[in-house]
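Here is the structure we will look at.
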Amino acid sequence: MKRIVIFSFIFAFAAALAVYGPAAAQDKYPSKPVNGYVPASAGGSTDLMSRAIEKVWPKHSPQPLVIVNKPGGAGVVCTEFVVRSKPDGYTLYFGYGSGHDIVMPNLQKMPYDPYKDLVPVARISVHSVVVVTGAKSEFNTLKDMIAWAKKENKPITSSVSMRAGAQDIAVTGIAKAAGVNIVTVPFAGGADAVTALAGGHVMLGAGHPSEVVPHIKAGRFKALAVALPQRDPSLPDIPTLKELGINVSTWGSVKGIGAPAGTPREVVDYLEGTFKKICEDPEFKKIMADLDQPIMYQNGAEFGKFLQEASADYGRLIKELNITIQ
Amino acid sequence: MDIFSGIVSGFGIALTPMNLAFAFLGALIGTAVGVLPGLGPAATIALLLPITYSIPSPVPAVIMMAGIYYGAMYGGSTTSILLNLPGEAASVVTCIDGYKMAQKGRAGPALGIAAIGSFIAGSVAVVGLTLFAPPIAEFALSFGPPEKFSLALLGLLMAVTLSGDSVTKGLIVMVVGLLFGTVGIDPISGKSRFDFGVIELQSGFDFVTLAVGVFGLGEIFYNLEQSGKAEIVTTKVGQVFPRMADWVASRMAILRGTLIGFFIGIIPGGGAVISSLLSYAIEKKASKHPEEFGQGAIEGVAGPEAANNAASSASFIPLLTLGIPGNAAIAMIFACLLIKGVKPGPFLIVEHPDVFWGVIASMYVGNFMLIILNLPLVGIWVQLLRVPYGILAPVVILFTAIGSYSIANQAFDLYALIAFGVLGYALRKLKIEAGPLPLAFILGPMIEGSLRQSLLMSGGSFSIFVSRPISLTIVALFVLFVTAQTFVAIRRSRRCSAAPKAA
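Chains as they are written, first to last, in my numbering: chain A, 1 to 326; chain B, 327 to 829.
Shown next as structure tokens:
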């Protein structure tokens with residue numbers, strides 16, 4: 001018993017040293033593990049991207065990266081936590097550009113400024129919205145479905161992952177542009193929405209590539225269109241809505257890295273360089289391809305500009321489509 | 327590859343020393359996680375995910391994670407029975423009669439029957455998984471919003487049967503549970519409800535925090551009050567293994583629980599909870615002595631435990647055949663496979679037969695390991711009750727707090743935990759059985775969400791619930807159950823009012 005007590009003291013002391021020792025010595029960044037906070041549950045597409053980074057990170061940095069999931073409050077809890085953290089580069093925000101950063105500020109007041117309170121470090125990926133229908137559906141194209149809805153004067157039902165999310169906005173945009181009635185049915189997340197379409201309970205569905213591409217490949221879904229301004233680099237065969245004559249595009253969900261405002265410039269530069277190297281790492285490319293997530297790297301400055309533009313685009317769409325969360 | 331040669335090759339993979347070691351490690355960690363109150367399989371797998379990066383092949387990693395998942399289901403009954411602490415939703419039902427058995431000094435038989443029931447159910451479900459995975463997966467997909475609504479409504483009705491003697495009290499706690507379930511973002515409109523400006527409340531309360539608070543902490547607070555008295559329940563241990571009579575009583579319960587768990591448990595999102603509820607309700611109906619339910623009936627432990635373990639094996643079916651993860655823990659296994667470059671889904675069996683058959687075969691092996699691991703442990707767990715309450719209670723609270731914090735890594739859940747503990751204490755003082763509360767909490771959002779989704783689909787017409795065959799069948803069962811119950815109640819009250827007149 002006594003031995004155990006002594007051992008645990010030694011252990012605690014060593015642990016304390018490990019945490020505070022190097023920091024006190026003011027070593028070059030990074031001198032201790034870096035924490036990456038993900039505003040979503042483990043297993044979702046943002047988490048998977050972060051895990052992929054976590055896996056290859058040790059090849060490019062002397063200190064490990066630790067991914068922590070903070071899914072509360074539709075992501076707001078996580079972002080607020082990072083915003084209020086010490087700006088020393090050891091607390092990073094993974095998934096900067098998600099719905100609660102570029103869509104929600106257009107709908108409600110946020111407890112922080114999603115652009116001023118965070119420093120953009122790098123963009124990693126853009127998760128487009130892919131519009132799909134079930135393989136057993138009588139419609140092979142969006143045009144056929146729209147023509148049917150117009151002729152029969154009936155509504156089209158569509159599953160979406162949540163109200164006023166990227167999928168909901170894209171599908172509602174299609175309805176407005178094509179002049180038909182599409183009833184969007186919100187589900188508890190992308191997986192549930194996809195499952196409802198797979199079971200044939202709705203006519204149309206929309207999801208990020210990681211959610212729908214496996215089903216397209218399995219012959220369960222037919223891909224109809226991508227809601228990006230240009231084609232999705234990971235899905236070069238699927239036309240954009242604009243190519244189909246439906247004048248709508250969104251930025252889907254953007255996945256970048258942010259740090260609390262006030263993080264030293266040299267730390268941000270170091271991180272930017274590390275993420276660039278990771279995005280060029282063949283192993284990371286392979287994992288991302290397996291996850292159906294395109295790598296769309298941008299440096300901090302470009303990414304910051306992009307975020308503002310994407311958010312403004314969403315603001316315009318939300319106004320045009322009269323989307324609210326009442 | 328046909329099923330037979332597939333499973334033979336699977337055993338070839340699962341029985342290699344390394345994979346056996348990983349299966350054992352998974353079963354061991356899973357049992358430990360299940361036993362530690364508040365710590366769930368999803369959080370554990372998330373913690374261990376980075377470790378699997380360094381395992382070169384996906385097979386051992388997935389075998390271990392699967393072991394953690396069903397091992398936790400096995401171990402979860404232990405704290406439910408001994409300490410009134412449900413580790414996850416499907417264990418709430420086990421608490422009702424399991425903890426009563428422990429209080430009566432029958433913790434051993436309760437744990438024993440839970441282990442055996444889990445073993446039988448787990449093994450039967452894996453056989454089902456081996457033989458019928460694809461058609462069963464299609465069956466699961468046919469549950470759309472209308473079917474889920476009907477099923478959850480039936481589940482809610484069953485939850486009231488847990489309320490013991492007073493239906494009124496059962497309905498009261500049920501409504502409280504439903505109200506707690508409405509906190510957070512409205513699933514359909516996206517508006518945040520009852521958050522009082524607290525961001526953490528926007529995602530609603532966490533189930534484990536609520537259940538562990540109301541049951542476990544409430545019980546501890548209540549016992550603290552009793553500390554003046556010489557003996558708290560924990561000193562009685564009694565016999566360790568179930569008697570012959572216990573086996574006979576539980577035989578059919580385990581069988582029925584297994585079937586219910588396999589078929590209902592497969593439905594993504596809430597299937598496991600509803601299957602354990604259905605099993606409990608059916609056992610109570612089938613029993614010759616329904617009055618013992620809620621007072622420590624062994625069938626009330628055997629049936630639901632079999633159901634939730636069958637459900638945990640069955641929940642691999644949508645993952646392996648469709649690539650659809652049905653719950654948080656399975657989603658973690660999904661993530662692990664994806665990071666390893668393996669895509670679960672229809673092509674898994676073709677692209678990675680080693681993963682598909684290896685994991686299934688490992689589940690046969692894992693179930694054996696679990697029973698061998700758990701039966702001798704029953705004796706040790708029961709000794710836990712000899713630990714003085716002054717030591718046991720703080721340790722339990724510590725682990726509960728760690729578990730609760732680990733779910734979303736936020737301190738808010740600790741305050742919520744304490745508040746739910748106080749609520750549980752109040753219910754205990756008022757002699758109200760808390761069982762329906764957490765169940766209504768989990769079923770409420772399901773009912774609300776699927777009701778509104780169904781009505782969006784049908785353009786507002788309620789006929790959608792009776793125009794689809796599966797939903798119609800469930801609605802018919804619901805009506806049948808309610809009318810039968812009403813009939814019985816009327817007859818009973820007539821007899822009661824007639825009796826005094828005769829006398």
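Quick reminder that beta carbons are idealized off the backbone N, C-alpha and C, glycines included. The structure displayed is predicted, hence computed values, not measured ones.
- The three-state reading of DSSP puts Thr240/A in strand, counting E and B together.
- With the rule of 3 Cβ pairs closer than 8 Å, the segment 295-302 of chain A does not count as touching the segment 88-98 of chain A.
- By the Cβ criterion, the segment 468-484 of chain B is in contact with the segment 788-797 of chain B, since at least three pairs of Cβ atoms, one from each stretch, lie closer than 8 Å.
- In the three-state DSSP reduction, His100/A falls in the helix class (H, G or I).
- DSSP places Leu291/A in the coil class of the three-state scheme, outside both helix and strand.
- Ranked by Cα distance from Val66/A, the first of Val76/A, Gly72/A, Gly73/A, Glu54/A is Glu54/A.
- When C-beta distances to chain A are compared with 7 Å, the residues of the segment 521-535 of chain B below that value are Ile525, Glu526, Gln528, Ser529, in chain order.
- Contacts with chain A at 9 Å (Cβ-Cβ) include Ala734/B.
- Nearest to Gly366/B by C-alpha distance, out of Pro672/B, Thr809/B, Tyr731/B, is Tyr731/B.
- Within the same chain, Ile146, Ala149, Lys150, Ile156 come within 7 Å of Val180/A by CB-CB distance, once the 5 residues on both sides are set aside.
- Interface with chain A (9 Å Cβ-Cβ cutoff): Ile371/B is included.
- According to the DSSP assignment, Leu224/A belongs to no alpha helix (DSSP H) but to the beta strand (DSSP E) extending over 221-226.
- In this structure Ser161/A does not touch Met203/A by the C-beta definition: roughly 17 Å separates them, more than the 8 Å allowed.
- The Cβ neighbour count for Phe475/B, taken over all protein chains shown within 10 Å, is at least 16; the residue is labelled buried.
- Contacts with chain B at 9 Å (Cβ-Cβ) include Gly43/A.
- Annotation: the continuous alpha helix (DSSP H) that includes Thr584/B extends over 570-590.
- Interface annotation, Leu48/A: in contact with chain B, CB-CB separation under 9 Å.
- Around the beta carbon of Ser41/A, 16 or more other beta carbons sit within 10 angstroms, so the residue counts as buried.
- For the segment 402-474 of chain B, the continuous alpha helix (DSSP H) assignments of 4+ residues that do not extend past its boundaries occur at 418-429, 433-467, in sequence order.
- Gly262/A carries a coil assignment under DSSP once its states are collapsed to helix, strand and coil.
- Exclusion of the five residues before and after Phe350/B leaves Met695 as the residues of its chain whose Cβ lies within less than 6 Å of its Cβ.
- By the Cβ-count criterion, Ile706/B is exposed, with fewer than 16 other Cβ atoms from all chains shown falling within 10 Å of its own Cβ.
- Sequence-distant partners of Pro762/B (beyond 5 residues in either direction) whose C-beta falls short of 7 Å from its own C-beta, in its chain, are Ala485, Val486, Leu488, Ser489, Gly496, Val499, Met500, Gly503.
- Residue-level contact by beta carbon holds for Ala196/A and chain B, with a gap shorter than 9 Å.
- For the 9 Å CB-CB criterion, Arg316/A and Gly516/B do not form a contact.
- Contact annotation for Lys70/A against chain B: Ala734, Asn735, Gln736 [CB-CB distance below 9 Å, chain order].
- Taken residue by residue, none of the segment 697-731 of chain B has a beta-carbon sitting less than 7 Å from a beta-carbon on chain A.
- Leaving aside the five residues that flank Pro651/B on each side, the residues in its chain whose CB is nearer than 6 Å to its CB run, in chain order, Leu645, Ala657, Phe660.
- The segment 388-395 of chain B and the segment 752-769 of chain B do not touch, with fewer than three beta-carbon pairs separated by less than 8 Å.
- If the five residues before and after Ser50/A are omitted, its C-beta is found closer than 8 Å to the C-beta atoms of Gly36, Val38, Ile67, Phe94, Gly95, all from its own chain and listed in chain order.
- A straight-line Cα-Cα distance of about 24 Å links Gly587/B and Leu409/B.
- Under the Cβ criterion of 9 Å, Gly770/B is not counted among the residues facing chain A.
- At a Cβ-Cβ threshold of 9 Å, Val213/A and Ser234/A count as neighbours.
- The alpha-carbon of Leu581/B is positioned some 13 Å away from that of Ala612/B.
- With its beta carbon at least 9 Å from every one in chain A, Ala478/B lies outside the interface.
- Annotation: the continuous beta strand (DSSP E) that includes Arg123/A extends over 118-127.
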